[in-house]
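This report concerns only the one structure given below.
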Amino acid sequence: MSAQTEGRVLRSAGGVYSVDCGDRILDCAVRGRLKLDEEQINPGDFVLLEHLSDGSCRIEGLLPRSTKLSRRAVAGSREQVIVANVDQLAAVFAAGEPAPDFRLLDRFLVLAELNELSAFIVLNKTDLPSDDRAMRAFDVYREAGYDILPTSAHRGDGISELSRRLGDHATVFAGPSGVGKSSLLNLLLPEQELKVREVSRKRGRGRHTTVGSTFYRLPGGGYVADTPGLQLLVLWDLSPDELAGAFPEFSSAIGGCRFNDCRHVLEPDCAVRSLIEAGSASEARYGSYRALLDEARQEGP
Ligand SMILES: Nc1nc2c(ncn2[C@@H]2O[C@H](COP(=O)(O)OP(=O)(O)O)[C@@H](O)[C@H]2O)c(=O)[nH]1
Ligand SMILES: [Mg+2]
Ligand SMILES: [Zn+2]
Numbered sequence: 194m195s196a197q198t199e200g201r202v203l204r205s206a207g208g209v210y211s212v213d214c215g216d217r218i219l220d221c222a223v224r225g226r227l228k229l230d231e232e233q234i235n236p237g238d239f240v241l242l243e244h245l246s247d248g249s250c251r252i253e254g255l256l257p258r259s260t261k262l263s264r265r266a267v268a269g270s271r272e273q274v275i276v277a278n279v280d281q282l283a284a285v286f287a288a289g290e291p292a293p294d295f296r297l298l299d300r301f302l303v304l305a306e307l308n309e310l311s312a313f314i315v316l317n318k319t320d321l322p323s324d325d326r327a328m329r330a331f332d333v334y335r336e337a338g339y340d341i342l343p344t345s346a347h348r349g350d351g352i353s354e355l356s357r358r359l360g361d362h363a364t365v366f367a368g369p370s371g372v373g374k375s376s377l378l379n380l381l382l383p384e385q386e387l388k389v390r391e392v393s394r395k396r397g398r399g400r401h402t403t404v405g406s407t408f409y410r411l412p413g414g415g416y417v418a419d420t421p422g423l424q425l426l427v428l429w430d431l432s433p434d435e436l437a438g439a440f441p442e443f444s445s446a447i448g449g450c451r452f453n454d455c456r457h458v459l460e461p462d463c464a465v466r467s468l469i470e471a472g473s474a475s476e477a478r479y480g481s482y483r484a485l486l487d488e489a490r491q492e493g494p
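So the sequence shown is numbered by the working numbering: it starts at 194 and just counts up by one.
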């Protein structure tokens, strides 16, 4: 009987999984029986490995997940896990070019809250002139309890703070294209990981393209998950209170409405709307709540 060890899946391509075993990264196949559920093994997963006598290595089992981000392709279909065992989400936005899309930021923050990930905001491109109104809009997030880390990938500002913040956490990077995620990763990742990144980019849409998310190892022992399509993630099957609870500044009001099943929209004596009317919570954030509530209703089963 050969020895079993544990490892962490970084990415997969063509049925081969790159598994971080601490001292080295091994390419592993999956044991036949598990293969039926192949899509159940995801970047970020901790797995049991069997080292075979011919020097190859096989994934024998999946260890329990602490967290996951998942989606369903269509209502009622099987859940697809996008990334497993991440503990924080960095919402990356730019001070300008492109101008911040606050609805998208709210979607990411809600996604983090619903999955019990801590979240913070990276505000990149601080070297560019920024719109005062947009910058004031970020104050709303600070007041709601989110940390904002200003960075400039071009100047190198804020990179050591960001690196500290990533530490030994597993962090998923979320942000629209063009805000500088790749530029930030270029400053954060060690040489070896940048090479992997370059190779998978060059392969483009080839047969052995990395599918889904990719985990990169950070020098401090942490990981960054680069996850395409996170902005397309649809929220559904949520009660109004679950959704409202994902806005930290609304949560004090939940339970205070006249109706138990208040959707916090048109109902009289709504404690959430009272917060907004009193100016204690932001109208724009409430607008995002309404938009996401409509979405959750349309997509629901
Ligand atoms: N002025 C400025 N431009 C940046 C900064 N970071 C990235 N960029 C530029 O923004 C563009 C998009 O960057 P990229 O890293 O590819 O963004 P991604 O799509 O989020 O991965 C590129 O032209 C970068 O050179 C920054 O801090 N300041
Ligand atoms: Mg990029
Ligand atoms: Zn209400």
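Glycine included, C-beta positions come from ideal geometry on N, C-alpha and C.
Nonlocal neighbours in the same chain, by C-beta distance under 8 Å from residue i, ignoring five residues either side
| i | result |
| --- | --- |
| GLY289 | LYS318, LEU321, PRO322, SER323, ASP324, ALA327 |
| ALA484 | ARG296 |
| ILE447 | ASP434, ALA437, GLY438, ALA464, VAL465 |
| GLY294 | Reading the sequence as shown, one finds Asp at residue 294 and not Gly. Closer than 8 Å at the Cβ level, and outside the excluded window around ASP294, lie PHE286, PRO369. |
| PRO291 | PRO369, GLY371, VAL372 |
| ILE234 | VAL202, SER205, TYR210, VAL223, LEU227, VAL240, ILE252, LEU255 |
| LEU428 | ARG300, VAL303, LEU304, LEU307, LEU436, LEU485, GLU488, ALA489, GLU492 |
| ILE352 | THR344, ALA346, LEU377, LEU380, LEU381 |
Residue i Cβ short of 7 Å to ligand 3 heavy atom set
| i | result |
| --- | --- |
| ARG478 | no |
Closer than 7 Å: residue i CB and nearest ligand 1 heavy atom
| i | result |
| --- | --- |
| SER356 | no |
| ALA346 | yes |
| ASP320 | yes |
| VAL365 | no |
| ASN278 | no |
| SER444 | no |
| VAL240 | no |
| ASN317 | yes |
| VAL417 | no |
| SER368 | Per the sequence shown, the amino acid found at residue 368 is Gly instead of Ser. Yes, Cβ of GLY368 sits closer than 7 Å to a heavy atom of ligand 1. |
| GLY371 | yes |
Nonlocal neighbours in the same chain, by C-beta distance under 7 Å from residue i, ignoring five residues either side
| i | result |
| --- | --- |
| SER376 | ALA346 |
| GLY368 | ALA284, VAL285, PHE286, LYS374 |
| ARG204 | SER211, PRO236, THR403, THR407, PHE408 |
Residues near residue i by beta carbon distance below 6 Å, same chain, minus five either side
| i | result |
| --- | --- |
| ALA222 | ARG251 |
| PRO412 | PRO383 |
| CYS463 | CYS450, CYS455, HIS457 |
| GLU306 | ALA439 |
| GLN281 | LEU310, SER311, HIS362, THR364 |
| LEU423 | ALA367 |
Heavy atom of ligand 2 within 7 Å of residue i beta-carbon
| i | result |
| --- | --- |
| SER406 | no |
Residue i CB to nearest heavy atom of ligand 4 below 7 Å
| i | result |
| --- | --- |
| LYS261 | For ligand 4, the structure offers nothing, since it holds only ligand 1, ligand 2 and ligand 3. |
Contiguous beta strand (DSSP E) assignments of at least 3 residues, all confined to the segment 259-340:
Whole beta strand (DSSP E) segments, 3+ residues: 261-265, 272-277, 281-287, 311-317.
If you scan the segment 363-429 from start to end, which runs of the alpha helix (DSSP H) of 4 or more residues do you find wholly inside it?
Taking only runs of at least 4 residues, the alpha helix (DSSP H) segments lying wholly in the segment 363-429 are 374-381, 384-396.
Using 8 Å as the Cβ pair cut-off and three pairs as the minimum, do the segment 435-445 and the segment 238-254 touch?
no
Exercise answer, beta-carbon shell around ligand 3 heavy atoms below 6 Å:
CYS450, CYS455, HIS457, GLU460, CYS463, ALA464, VAL465
Specify whether the segment 461-468 and the segment 337-355 touch according to this definition: at least 3 beta carbon pairs, one from each stretch, less than 8 Å apart.
With the cut-off at 8 Å, the segment 461-468 and the segment 337-355 do not touch.
Whose beta carbon lies closer than 6 Å to any heavy atom of ligand 2, going through the chain in order?
LYS374, SER375
Report the start-end ranges of each alpha helix (DSSP H) in the segment 199-238 that is 4 residues or longer and not cut off at the edges.
225-228
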